[in-house]
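>
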Amino acid sequence: HGSRKELPTFHHARSITPTPLRTLLCSFALLLCWQPLCQTFNLDVESPAVYSGPDGSYFGYAVDFYLVDSASVSVLIGAPKANTSQPNITEGGSVFYCPWGLGQSECHDIEFDAEGKSWSLCSLGNVAEVKSHQWFGATVRSHGDTILACAPLYSWRTKKDVPQSDVTGTCYLSAQNFTKFAEYAPCRTEVTGHGGQGYCQGGFSADFTKDGKVVLGGPGSYFWQGQVISADKDKIIETYYPGYFMQSVVGQLETKQTAIKHDDNYQGKTKPFLSTGVTLLFQQMGSYFGYSLATTDINSDGLTDLLVGAPMFMLRGSDGRLEEVGRVYVYLQRGPLDLELSEPHLTGVDAYGRFGNTIAPLGDLNQDGFNDVAVSSPFGGEGLQGLVYIYNGHAGGLGSKPSQVITGQWAAGVIPASFGFAMRGAKDLDMNGYPDLIVGAFGVDRALLYRSRPIVNAIATMAISPNMINPEEKNCPVTNDNITILTLRHTLLYFQVELQLDSQKHQQKGGVRRALFLDSHQASLLRSLRMRRGERSCHDAKIYLRDEKEFRDKLSSIYVAMNFSLDPNAAADAHGLRPVLNYQAASLIVRKAQILLDCGEDNICVPDLKLAVQGDRKEVYLGDDNSLTLMFNARNEGEGGAYEAELYVVLPPEADYSGIARNNEVSQLTCSYDTENQTRYLSCDLGNPMKSGTSLWAGLRFTVPRLKDQHNTVQFDFQIRSKNENNSHSEVVPYKLEVVVQANVILQGVSRPDKVFFPPANWKSTKNPVAEEDVGPAVEHVYELVNNGPSRISSTLLQLRCPLRVQGYQLLYPLEFSTEGPLNCTTNHTMNSLGLKVNTLTTRAHAPLAASRPGCTERGREGGGGGGRDGSPLKQNKNFVLECLAKYIVRKMPYAILPKHLPTEHKKVVTSVMWNKPDGKYLVPLWIIILAILAGLLLLALLIYVMYKLGFFKRSLPYGTAMEKAQLKPQAASEA
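If you count by the numbering used here, then the sequence shown holds residues 824 to 1799, one letter each, in order.
1. Determine the DSSP secondary structure at residue 1062, reduced to helix, strand or coil.
2. Who are residue 1057's beta bridge partners in DSSP?
3. Just to confirm my understanding: we take residue 988, look at its own chain, exclude 5 residues before and 5 after, and list those with CB closer than 7 Å. What are they?
4. Given a cut-off of 8 Å on the beta-carbon distance, is the pair residue 867 and residue 1400 in contact?
5. To the nearest whole angstrom, what separates the beta carbons of residue 1507 and residue 1469, a pair I think is in contact under 8 Å?
6. Spatial neighbours of residue 1060 within its chain, please: CB distance less than 7 Å, with the 5 preceding and 5 following residues excluded, ordered by chain position.
7. Should residue 1101 be labelled buried (16 or more other beta-carbon atoms within 10 Å of its own) or exposed?
8. Entirely within the stretch 1187-1258 and at least 3 residues each: give me those beta strand (DSSP E) ranges in chain order.
9. From the DSSP output, which residues share a beta bridge with residue 1123?
10. Measuring CB to CB, does residue 1154 end up less than 8 Å from residue 1172?
11. For a cutoff of 8 Å on Cβ pairs, would you count residue 973 as touching chain D?
12. Please report how far the alpha carbon of residue 919 lies from the alpha carbon of residue 901, in whole angstroms.
13. Give me whichever residues DSSP pairs with residue 1320 in a beta bridge.
14. Report the start-end ranges of each beta strand (DSSP E) in the stretch 1114-1190 that is 3 residues or longer and not cut off at the edges.
15. So what does residue 1438 bridge to, in DSSP terms?
16. In the DSSP output, what is residue 978 paired with across the bridge?
17. If you measure between the beta carbons of residue 1385 and residue 1464, is that distance less than 8 Å?
18. Nearest to residue 1235 by CA position, among 1267, 1228 and 1227, is which residue?
19. For the candidate residues 1398, 1420, 1376 and 1350, whose alpha-carbon lies nearest to that of residue 1390?
20. According to DSSP, is residue 1005 helix, strand or coil?
21. Assuming contact is defined by CB atoms lying nearer than 8 Å, are residue 1443 and residue 1505 in contact in what I supplied?
22. How would you label residue 909, buried or exposed, when you count the other beta carbons within 10 angstroms and need 16 or more for buried?
23. So, helix, strand or coil for residue 1825, using DSSP?
24. Do residue 1538 and residue 1557 have their C-beta atoms closer together than 8 Å?
25. By the DSSP assignment, the alpha helix (DSSP H) with residue 1046 in it spans what residues?
26. Give every residue of the same chain whose Cβ lies closer than 7 Å to the Cβ of residue 1250, excluding the five residues on either side of it in the sequence, and list them in chain order.
27. What number of angstroms, rounded off, separates the C-alpha of residue 1456 from the C-alpha of residue 1528?
28. Take residue 1273 and list the residues in its own chain whose beta-carbon comes closer than 8 Å to its own, dropping the five residues that flank it on each side.
29. Within its chain, find whatever has a CB closer than 6 Å to the CB of residue 859; leave out the 5 residues flanking it on each side and keep chain order.
30. If I'm right that residue 886 touches residue 1139 with Cβ under 8 Å, what's the distance once you round it to whole angstroms?
31. Exposed or buried, what is residue 1467 when buried is set at 16 or more other beta-carbons lying within 10 Å of its beta-carbon?
32. Could you pull the DSSP bridge partners for residue 1628 from this structure?
33. Per DSSP, what kind of secondary structure is residue 914 in: helix, strand or coil?
34. Drop a sphere of 10 angstroms on the beta-carbon of residue 1245, count the other beta-carbons inside from all chains shown, and report buried for 16 or more, exposed for fewer.
35. For residue 1472, which option in 1434, 1458, 1461 and 1449 has the closest C-alpha, if you only look at C-alpha atoms?
36. Which same chain residues, not among the five before or five after residue 1000, have their C-beta less than 7 Å away from its C-beta?
Written out as structure tokens, the structure is:
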């Protein structure tokens, strides 16, 4: 049942009378009784009794109940590493007696043996006992008023000067309420050493039979063949005499040494040991099959069944590697000594958890007539806390799944807590009619007692009337008190019943509850009841439907759920325990009602949904965002409406949703974008209902920016979906787009300068040029390759051809080239072949380049390098054009999809070469120059003489009289 989630509150803002459609009537009955029931989680894990022992004593290594009578109930706990009051003994081990009660008292140790180291003179000579680290209390069992406790590592030796001892093991019996003690060491005999009983380790496993016989296991006897020894407990006590190391018990039985092939069989090592008298088939090498045994009648056929633990059983994990998980095999006894292996086996889930380390019969834990079993995994759980699994018996054997899992309270410290290493059940300490379980956790020196809680069986029924609601009926008969709506029948004192409408499991989209309870105006109703045994109680609850505009879901049923549980606030019983409900009982009951639709008498609407899709493009390009608009036409050509109709669009992984292409026809279209199971989809509301005859157009906008070349197409899937029961979906309409590789590449070029004058000023030709200026003026060509995309290019060839020679004469001297961007330029002509000194101060202009805009610059010199100008085209005093041709070819694009075409382009870069006449090309002799000057002077003198004769110089004065001239002011004279 667990805790219930807080329910949302719905506010009802309208009057009750006009809004409800019709009263929804329901009834249910519940029957509870104090009686046995099937499997249940009834061990109280919330408040176990915790017993503590001395730190480091391994308190809890062995546990058992000690029930002398109904008035004396206690727990026995072994602590094999505890220090005792024995003189000169270190960690001899002890057994603690822990009385139980609601006012729990402290544990105290039982003094089985007060002696320390002892030497005795007998027929064998000097005999010494070694009791330090003997692990007394490693095995503890009880039968009536008798307690058996063993020290399997107890040893002794017969010669004082021989350091080696024989690990024979020993046990002690306590009888008559701790008033009588007796030692029982059947392996302490004259047959010592490896070949005898010297390594017997008697008491490694031990138990009582039903009639009170002691059964001991000694796995080390006879070269570890192992040995089983049995004797009557009363005979052991009668035979015991203090001070005697060897004793002969009347009627003692023991297995003898067999053939050498049985060496290392470790018979008697099973812990706890339970004799079955049956040989079992071995299951898996190294699984420790038989490490633990338990016998109980789990199917109530009157025959004792057998459970065998293999705590190191291995299975292959998901990675194929073997992991130790542990397993328990169940053998059902079909006849005397006729055991049948039952399937399936019980298998652990935690690697190295040691599932099956201990198996404890619990008796009939839940009082259903079948015995139950506890199986431990002492190193299981996330923090190695240890786990105990409870399995319930039934007529077919043992349940394959646990009805309860108990987790230890302590995480692993220096050593694991080993919760569940020891367990004991099938005893009722608090006398409430249910057996209890004690669990040891020796790694933290603790033992915990889990008591069983009483169980309640419950039966409930619920009915709804009417089960069909007409939304058009607005009357609500809220004053009708003659209708019984809710009925409860039970016999428990404190009880809780919760009613809920449209629970989380059945809640419609949007989280709006369609119906509310009239009493609370909410979707839930909680009632507390106090009942007596045999009493029945009936209750009713009225429900109304909300306005149809407040919810969408009109097709699915309105669910009414009833959940009943015990009142958590009810007082505990006289034993301090709260009862529990049978977990197999139907504590949750659900009924439903339908809303009447406008779909004819059968209330079934059958739409006929059609869909068409068209887009504004058929191709998408790798490297582009690829904006896309898809138009759809949705129609309903059926006889009924499509309820909660939605356009469902599954987007390819490469696409994103951008929005709705709005138009006047579908202005109310709303869409939501979501992801489910890594599938991205778009859902658009088409109406509730989408009535018959509806036809609408709308557009959706997308981008496709994440194209990859693994697929040649991308596909959108369109479908109309409704909640109708019949013909609810249209066919899926795919819209495919072809994935295309396309690049737009542009080649650009420029000459710097675009016009060259030759020869340059003050330039002198030389046959042995040293610097670049010696071969002529510089010409620089710059080429730029631009990829305007959208797709990328991985391999492009750019070819450049320039006329280095014309009519056998050198025209250009290639000096150097440089690149920017992902270009690797090479040439078939040696650059700067003469090794001229390059002018580092030459300024070069380069276009800005990017990864998609590589550029190449080539610089040369105009002229006939090396002074070889005679006879060159330049000597003919003619202007001409230097023309270079650039061509690119796209060789490859980095996609698995091949492009439809590879782009190419040609580009001419022209440099005009203009003739420039040098100053010293036509020199005139000096005498000619002097003669020309003299002739000029003579001619000038002759011209002056002729002008003089003609009166050219006889002009009138600009002023009148001399007096007037004399009166002129200096300024006027100056201006004149």
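By construction, the Cβ of each residue, glycine as well, lies at the ideal position given by its N, Cα and C atoms.
In terms of the structure at hand:
1. helix
2. Residue 1057 pairs with nothing; no bridge assigned.
3. Short of 7 Å from the beta carbon of residue 988, and not among the five residues preceding or following it, lie these beta carbons of its own chain, in chain order: 953, 978, 979 and 980.
4. A contact, by the Cβ cut-off of 8 Å.
5. For residue 1507 against residue 1469, the beta-carbon gap comes to about 6 Å, under 8 Å, which counts as contact.
6. 996, 998, 1003 and 1005
7. With a pLDDT of 40 at residue 1101, under the threshold of 50, the modelled position of that residue is not reliable, and no figure is offered here.
8. 1195-1200, 1210-1214, 1227-1230 and 1245-1250
9. None, per the DSSP bridge assignment.
10. no
11. Chain labels in this structure do not include chain D; a single protein chain is all it has.
12. 6 Å
13. DSSP lists 1350 and 1387 as partners of residue 1320.
14. 1115-1119, 1128-1133, 1137-1139, 1145-1147, 1150-1158, 1161-1170 and 1182-1186
15. In the DSSP assignment, residue 1438 is bridged to 1453.
16. Bridge partners of residue 978: 953.
17. no
18. 1267
19. The shortest Cα separation from residue 1390 among 1398, 1420, 1376 and 1350 belongs to 1350.
20. strand
21. no
22. buried
23. For residue 1825 there is no data in the structure shown, the boundaries of the chain being 824 and 1799.
24. yes
25. 1044-1047
26. 888, 890, 1258 and 1259
27. Near 26 Å, if we compare the C-alpha coordinates of residue 1528 and residue 1456.
28. 866, 867, 868, 871, 1229, 1259, 1260, 1261 and 1262
29. Interpretation of residue 859 is limited by its pLDDT of 37, a score under 50 that renders its predicted location unreliable; the figure taken from the coordinates is listed afterwards. Contacts found: 1190 and 1191.
30. Incorrect: roughly 35 Å between the Cβ atoms, too far for contact.
31. The residue is buried, with at least 16 neighbouring Cβ atoms inside 10 Å.
32. 1633
33. coil
34. buried
35. Out of 1434, 1458, 1461 and 1449, 1434 has the C-alpha closest to the C-alpha of residue 1472.
36. Counting only Cβ-Cβ distances below 7 Å, and skipping sequence neighbours, we find 891 and 968.
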